[in-house]
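Here my numbering runs 23 ahead of the position in the sequence shown, where the first position is 1. Input: a single structure, listed below in structure tokens.
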Amino acid sequence: PLFSESIELDLDTVAPSMAGPRRPQDRLNLPDVKANFYSSFKEASKKSTSFEMEGEKVEMPSGAVVIAAITSCTNTSNPSVMLGAGLLAKKAADKGLRSKPWVKTSLAPGSKVVLDYLTQAGLMPALETLKFHLVGYGCTTCIGNSGPLPEAVATAVQKDSLVVAAVLSGNRNFEGRINPLVKANYLASPPLVVAYALA
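Given below as structure tokens:
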């Protein structure tokens, strides 16, 4: 076939990435995210806080991911990344891994088709085991509709002035947009959202 332009891409240069912590255009290679967080938030010491949640004492570090949302029709309209998220969830659940107790998780695809193929592939039980339950279709977390953090988490963040993070597969990550208590917001693929819920 005849094309107006040919582009060559060295696949060795392709690396997993995220964008954040405040603007969608600030792309970061995955290994650089931790250093980016600490350089972006000088006030974020490496301290942690402990509190009781669901009858258990938990220790949550500064920089903890408190929102992990598979959201936005832009990313959820790509079956390969959605199936990838489901497969990662299945492997994690099979190995006994679970989302951290302070992470508010959600699944809000752009349409019911996504839920249908995840269900038919047998991946919804694993996603739900990691607390990625369907919360609706369409715009949710990316437009600030994540709802409040669990009360124990919100209290700990405010009391100890922790800088915490959200990881979402949405399009926008401006500070305060996702949740007023969450300063660091990183955009990621759906599989990375699952991984960060476990980390």
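For glycine and all other residues, C-beta sits at the position ideal for the given N, C-alpha and C.
Count the other C-beta atoms from every protein chain shown that fall within 10 angstroms of the C-beta of Ala220, then say buried if there are 16 or more, exposed otherwise. Taking all protein chains in view, the Cβ of Ala220 is crowded by 16 or more other Cβ atoms within 10 Å, so the residue is classified as buried.
Would you kindly work out how many angstroms separate the C-alpha atoms of Thr128 and Thr36, rounded to a whole number? Each residue's alpha carbon lies about 32 Å from the other.
Continuous alpha helix (DSSP H) stretch holding Ala58: start and end: 56 to 63
Measuring alpha carbon to alpha carbon, tell me which of Ile90, Val81, Val104, Pro24 ends up nearest Cys165. Ile90
Might you give, ordered along the chain, the residues of its own chain that have their beta carbon closer than 6 Å to the beta carbon of Ala38, omitting 5 neighbours on each side? Closer than 6 Å at Cβ, skipping near neighbours: Asn52.
Can you grab the Cα-Cα spacing for the pair Val81 / Asn101, in whole Å? 36 Å
Using the Cα positions of Ala87 and Asn59, report the straight-line distance between them to the nearest angstrom. 14 Å
State buried or exposed for Ser95, treating a residue as buried only when at least 16 other CB atoms are found within 10 Å of its CB. buried
State yes or no: is the C-beta of Ala207 within less than 8 Å of the C-beta of Val180? no
On the DSSP bridge list, what partners appear for Ser279? Residue 279 is absent from the structure shown; the chain starts at 24 and stops at 222.
Under 8 Å between C-beta atoms of Arg45 and Asn196: A contact, by the Cβ cut-off of 8 Å.
If you measure between the beta carbons of Gly109 and Leu141, is that distance less than 8 Å? yes
May I have the straight-line CA-CA distance separating Phe74 from Leu153, to the nearest angstrom? 21 Å
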